[in-house]
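Protein chains in written order, with our numbering: chain A, 455 to 681; chain B, 3 to 231. Input: a single structure, listed below in structure tokens.
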Amino acid sequence: MAGFGGGRLPAMGPAALLLFALCTVGTRGLYFHIGETEKRCFIEEIPDETMVIGNYRTQMWDKQKEVFLPSTPGLGMHVEVKDPDGKVVLSRQYGSEGRFTFTSHTPGDHQICLHSNSTRMALFAGGKLRVHLNIQVGEHANNYPEIAAKDKLTELQLRARQLLDQVEQIQKEQDYQRYREERFRLTSESTNQRVLWWSIAQTVILILTGIWQMRHLKSFFEAKKLV
Amino acid sequence: MPRPGSAQRWASAVGRWGCRLLALLLLLLLLLVPGPGGASEITFELPDNAKQCFYEDIAQGTKCTLEFQVITGGHYDVDCRLEDPDGKVLYKEMKKQYDSFTFTASKNGTYKFCFSNEFSTFTHKTVYFDFQVGEDPPLFPSENRVSALTQMESACVSIHEALKSVIDYQTHFRLREAQGRSRAEDLNTRVAYWSVGEALILLVVSIGQVFLLKSFFSDKRTTTTRVGS
Chain A
455 MAGFGGGRLP
465 AMGPAALLLF
475 ALCTVGTRGL
485 YFHIGETEKR
495 CFIEEIPDET
505 MVIGNYRTQM
515 WDKQKEVFLP
525 STPGLGMHVE
535 VKDPDGKVVL
545 SRQYGSEGRF
555 TFTSHTPGDH
565 QICLHSNSTR
575 MALFAGGKLR
585 VHLNIQVGEH
595 ANNYPEIAAK
605 DKLTELQLRA
615 RQLLDQVEQI
625 QKEQDYQRYR
635 EERFRLTSES
645 TNQRVLWWSI
655 AQTVILILTG
665 IWQMRHLKSF
675 FEAKKLV
Chain B
3 MPRPGSAQRW
13 ASAVGRWGCR
23 LLALLLLLLL
33 LLVPGPGGAS
43 EITFELPDNA
53 KQCFYEDIAQ
63 GTKCTLEFQV
73 ITGGHYDVDC
83 RLEDPDGKVL
93 YKEMKKQYDS
103 FTFTASKNGT
113 YKFCFSNEFS
123 TFTHKTVYFD
133 FQVGEDPPLF
143 PSENRVSALT
153 QMESACVSIH
163 EALKSVIDYQ
173 THFRLREAQG
183 RSRAEDLNTR
193 VAYWSVGEAL
203 ILLVVSIGQV
213 FLLKSFFSDK
223 RTTTTRVGS
């Protein structure tokens, strides 16, 4: 805060508020609690060539003070991302705050798993970790002010760009929908085939076993001289 | 001609006020930027007999919407519960497949919503939820809209809103399709196992019947030989 030169006392008010605002900015968003060895997995069903950006922030529970510490160095989270075929796309260790990005190359269910890899296990033992998580997919992952600054777009051009991105996402989702519908249709047709063949096979087995039973018993009773 | 001393004093006063104004402006910007809120859309796995809770700090007066849908697992239902900072239950439903709940935050604090699969003994569920807090952040965070939007800009805004609802419908359609596909795949595997199983049972039972019948007739001979010896 080097800018606050002369007249320090009257400038403290806004400076303090500014610091408070800075502290609270990072705490907004959805969060959940995770245990020590717990692994939390999230699924993102996305079309191909879609970018996914995840931001997380962790806070550790302080047992003595009964409060969550604002930031704890030494805490790490391991992030693992698997594509629909089970292949690992991203597997990295991040610090207590991290940002991970990946782009899908095959459409389908991508699994994002997070688990803590704390180096301060003694402090963490029996405690819980608060994780703030934010996952942005597709056009939500675009940072429009940054794009405007980079390409030097006017307001109208930026709005048009946003609309184009949205329409592109809708198109990709529609293509993915067609691919999924085909899979669904194949599954249903396979079920239909299986039911058809199984009923024919069951009838055939029934008739054959009936014939075998009768012939076997007939020869048995003939041998016993009962028939 | 101003005296050097007064010019210095004037410059330092301007510097002080400038710094304060800058600080206030930055403060306002920081408070405004995250203020509008946003949406969190998450799909997660809920193991059997488990309960998972999510928390969010919400300011008073913010309109929020919670939508959830179960995608795979068992009877495709889950228990959901939403509580305000004082622990008062705002929304509670048992064994629901899909629901949408809108509320306005009556007080500042941490709101908590939990999904429970405790009634299920062995099925994992996949649950999707969309928690919308307030309005989406504006395109221009540093926007100081004094003048009204031009016709082009307001047309862009309305197209943007319409496309957002198209994307929302697409998401729900995708989830319903995933649910239907999951059921169809379950059915397919069940039919496969059942047909093989039943064919085996059929063979075992028919062969067993014949040998059992034969044994009724063979027993008399062994009992007569035993009596004889």
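From the three backbone atoms N, C-alpha and C, an ideal C-beta is built for every residue, glycine too.
Determine, using beta carbons only, whether LEU165/B comes closer than 7 Å to chain A. yes
By the DSSP assignment, the beta strand (DSSP E) with GLY508/A in it spans what residues? 505 to 516
Report the rounded CA-to-CA distance for HIS487/A versus CYS55/B, giving the unit in angstroms. Rounded to whole angstroms, HIS487/A to CYS55/B spans 8 Å at the Cα level.
Given GLU47/B as reference, the closest of ILE203/B, SER167/B, VAL80/B once Cα atoms are compared: VAL80/B
Chain A beta carbons: is any one of them nearer than 7 Å to that of VAL212/B? yes
I'd like the span of the beta strand (DSSP E) that includes THR657/A, first residue to last. From DSSP, THR657/A is part of no beta strand (DSSP E) but of the alpha helix (DSSP H) over 609 to 677.
Spatial distance of ALA655/A from PHE554/A (CA atoms): 53 Å
Name the one or two DSSP bridge partners that HIS77/B has. Looking at the DSSP assignment, HIS77/B forms no beta bridge with any residue, so it has no partner.
Among PRO139/B, HIS162/B, ALA52/B, nearest to SER122/B - alpha-carbon criterion: ALA52/B
DSSP bridge partner residues for CYS567/A (one or two, in chain order): CYS495/A, GLU534/A
Indicate whether at least one CB of chain B lies closer than 7 Å to the CB of CYS567/A. no
First and last residue of the alpha helix (DSSP H) that includes ALA602/A? Following the DSSP letters along the chain, one finds ALA602/A inside the alpha helix (DSSP H) bounded by residues 598 to 605.
Tell me whether the beta-carbon of ASP502/A lies closer than 7 Å to the beta-carbon of PRO538/A. no
Work out the CA separation of HIS559/A and GLY540/A for me, nearest whole Å. 13 Å
Run the CB neighbour count on ALA180/B, radius 10 Å, all protein chains shown included, and call it buried at 16 or more, exposed below. buried
ASN119/B and SER644/A closer than 7 Å at C-beta: no
Spatial distance of ILE690/A from LEU202/B (CA atoms): Nothing about residue 690/A can be reported from this structure: the residues present for chain A run from 455 to 681 only.
Going by beta-carbon coordinates alone, are HIS586/A and ARG511/A separated by less than 7 Å? yes
Where does LYS216/B sit, in a helix, a strand or coil, going by DSSP? Reduced to three states, the DSSP call for LYS216/B is helix.
I want to see whether chain B comes within less than 7 Å of GLY648/A, judged by CB atoms only; does it? Note that residue 648/A is Arg in the sequence shown here, rather than Gly. Taking CB atoms only, ARG648/A has a neighbour in chain B less than 7 Å away.
Measure the alpha-carbon distance for ASN509/A versus GLY552/A and round it to whole angstroms. 6 Å
So what's HIS559/A in DSSP terms, helix, strand or just coil? coil
Could you list which residues in chain D have their beta carbon closer than 9 Å to that of CYS55/B, in chain order? The chain inventory of the structure shown lacks chain D, comprising the protein chains A and B.
Report yes if the C-beta distance between PHE522/A and VAL535/A is below 7 Å; otherwise report no. no
In whole angstroms, give me the CA-to-CA distance for HIS569/A and LEU583/A. The straight-line gap from Cα to Cα measures roughly 10 Å.
Assuming contact is defined by CB atoms lying nearer than 7 Å, are THR112/B and PRO139/B in contact in what I supplied? no
Residues of chain A with CB under 9 Å from ALA201/B, in chain order? TRP652, ALA655, GLN656, ILE659
Is the CB-CB distance between LYS65/B and THR128/B below 7 Å? no
Taking Cβ positions only, does GLU95/B come closer than 7 Å to chain A? Nearest CB-CB separation between GLU95/B and chain A: not below the 7 Å threshold.
Taking only beta carbons into account, state which residues of the region 634 to 648 of chain A come closer than 9 Å to chain B, listed in chain order. ARG634, GLU635, ARG637, PHE638, THR641, SER642, SER644, THR645, ARG648
Interface flag, VAL129/B vs chain A, CB-CB below 7 Å: no
Mind pulling the beta strand (DSSP E) runs of 3 or more residues that sit fully within the region 99 to 171 of chain B? 100 to 106, 111 to 118, 127 to 135
Collapsed DSSP secondary structure at THR191/B in the structure displayed: helix
Chain-ordered residues of the region 608 to 624 of chain A with a beta carbon less than 9 Å from chain B: GLU609, LEU610, LEU612, ARG613, ALA614, GLN616, LEU617, GLN620, VAL621, GLN623, ILE624
Provide the residue(s) that pair with ARG584/A in DSSP beta bridges, ordered along the chain. HIS487/A, GLN513/A
Grab the span of the beta strand (DSSP E) containing GLY40/B for me, first residue to last. 40 to 48
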